[in-house]
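J.: Using my numbering, you'd call the opening residue of the sequence shown number 3 and step up by one each time.
Backbone N, C-alpha and C fix where the C-beta goes; we use that ideal spot for every residue, glycine too.
Model, not experiment: these values are computed from the prediction.
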Amino acid sequence: MRKQIAAANWKMNLTYQDGEKLLDDILDAGISLAPHQHSIFAVPFPYLIMTRSEVAEEFNYHAAAQNCHHKTSGAYTGEVSVEMLQSIGVNYCVIGHSERREYNAETNEILAAKVNLCLQHDITPIFCCGEPLSVREAGTQNEFVANQLKESLFHLPANSLKGIIIAYEPIWAIGTGKTATTAQAQEIHQFLRSVIADQYGATLANEIPILYGGSVKANNAVELFACPDVDGGLVGGASLVASDFIAIIKALK
Ligand code: PEP
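(1) Buried or exposed for P159, please, with buried defined as at least 16 other CB atoms from any protein chain shown within 10 angstroms of its CB.
(2) Given 8 Å as the limit, tell me if T183 has its C-beta closer than that to any heavy atom belonging to the ligand PEP.
(3) In terms of residue numbering, what span does the alpha helix (DSSP H) encompassing H191 cover?
(4) What do you get for G32, buried or exposed, if any count of 16 or more other CB atoms within 10 angstroms of its CB means buried?
(5) Under the rule that 16 or more other beta-carbon atoms within 10 Å means buried, what is N221, buried or exposed?
(6) For the segment 152-170 and the segment 104-116, state whether three or more C-beta atom pairs, one from each stretch, are separated by less than 8 Å.
(7) How about T229 and I168: are their beta carbons less than 9 Å apart?
(8) Within 8 Å: the Cβ of T17 and any heavy atom of the ligand PEP?
(9) For K252, which residues in the same chain have their Cβ closer than 7 Å to its Cβ, ignoring the five residues on either side in sequence?
(10) For a test of the three-state rule: what should DSSP assign to N62, helix, strand or coil?
(11) Where does S41 sit, in a helix, a strand or coil, going by DSSP?
(12) By how many angstroms is the C-alpha of T178 removed from the C-alpha of G2?
(13) Opposite A8 in the DSSP bridges: which residues?
(14) So I128 and I97 are in contact, right, with Cβ under 8 Å, and what is the actual spacing, rounded?
(15) Closer than 8 Å to a non-hydrogen atom of the ligand PEP - does that hold for the CB of L236?
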């Protein structure tokens with residue numbers, strides 16, 4: 003079975019102490035994950051070592067960075083390189099979250115460079131794509147997201163693409179409480195898989211986890227994750243409340 007993933011995105015929230023307590027509360031719930039199920043915590047940089055050590059003894063729980071820089075090293079004050087992440091044992095990194103695309107002017111080209119660096123350093127990119135409301139209203143969301151994949155991922159050889167996780171996150175659903183319907187989520191996830199299949203073949207396309215993100219909550223996760231092409235979620239707001247995120251992990255197929 004394809005990997006099923008509940009990924010938390012804490013964004014710029016929580017103090018170190020609050021983050022540690024949240025993680026403890028979630029891990030104390032003792033949810034044992036099946037071999038195909040994973041839970042990933044994308045935390046602020048200063049919390050990565052703590053998160054890594056908290057999940058170290060747990061089966062299929064992982065720490066992730068929320069971003070990395072697109073250059074290897076050098077005079078980029080305030081930035082964090084993939085080599086730094088690798089050196090503290092971080093194996094996952096969110097790439098191209100819509101907030102970074104918007105507030106930090108991250109282009110598809112820059113994101114392609116980040117994806118390359120992650121893969122070179124054994125870090126699995128959780129590559130985010132998704133359309134703004136205007137595109138959804140114009141009905142051109144398929145072309146929009148297909149282009150994001152083409153420009154940031156499709157230069158990769160098949161054996162590299164295999165190591166990617168995709169998160170489809172319609173911008174109009176992020177932090178708005180407005181979730182895509184299961185029909186909308188399934189339709190576009192299936193489309194994304196078909197775009198990958200056209201380029202790399204159906205076998206590979208069927209192996210890639212495609213997460214849904216956008217107001218996933220404890221009360222809609224089961225329904226969303228039940229869609230055949232939805233392989234879990236990337237969760238913002240609801241990942242900050244232990245009982246909510248516990249329910250979301252339990253909703254994994
Ligand atoms: C996100 O941060 O990627 C996200 C989907 O946020 P929320 O769950 O709050 O909509």
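T.: So, from the data block:
(1) Within the sequence shown, numbered from 1, the residue matching residue 159 stands at position 157. Counting other Cβ atoms within 10 Å of its Cβ, P159 stays below 16 and is therefore classed as exposed.
(2) Taking the first residue of the sequence shown as 1, we reach residue 183 at position 181. No.
(3) In the sequence shown, the residue the question calls residue 191 occupies position 189. Counting along the chain, the unbroken alpha helix (DSSP H) around H191 starts and ends at T184 to Y202.
(4) One-based indexing of the sequence shown puts residue 32 at position 30. So G32 ends up on the exposed side.
(5) As a working mapping, residue 221 is identified with position 219 in the sequence shown. By the neighbour-count rule (16 or more Cβ atoms within 10 Å), N221 is not buried but exposed.
(6) Contact annotation: the segment 152-170 touches the segment 104-116, with at least three C-beta pairs closer than 8 Å.
(7) As a first step, residue 229 is located in the sequence shown; it is residue number 227 there, counting from the start. As a first step, residue 168 is located in the sequence shown; it is residue number 166 there, counting from the start. At residue 229 the sequence reads Cys, which differs from the Thr that was named. Cβ atoms of C229 and I168: not closer than 9 Å.
(8) One-based indexing of the sequence shown puts residue 17 at position 15. Every heavy atom of the ligand PEP is 8 Å or more from the Cβ of T17, so no.
(9) Here residue 252 refers to the residue found at position 250 when the sequence shown is read from its first residue. If the five residues before and after K252 are omitted, its C-beta is found closer than 7 Å to the C-beta atoms of I33, all from its own chain and listed in chain order.
(10) As a working mapping, residue 62 is identified with position 60 in the sequence shown. N62: coil per DSSP, three-state reduction.
(11) Your numbering for residue 41 matches position 39 in the sequence shown. DSSP places S41 in the strand class (E or B) of the three-state scheme.
(12) For the chain, the structure presents residues 3 to 255; residue 2 sits outside this window and is missing.
(13) Position 6 of the sequence shown, counted from the first residue, corresponds to residue 8. DSSP, once it has assigned bridges, lists S41 and G235 as partnering A8.
(14) On the sequence shown, position 126 is the one that residue 128 refers to. On the sequence shown, position 95 is the one that residue 97 refers to. Taking the Cβ atoms as the reference, I128 lies roughly 7 Å from I97, within the contact range of under 8 Å.
(15) By one-based count along the sequence shown, residue 236 stands at place 234. Yes, since a heavy atom of the ligand PEP falls inside the 8 Å radius drawn around the Cβ of L236.
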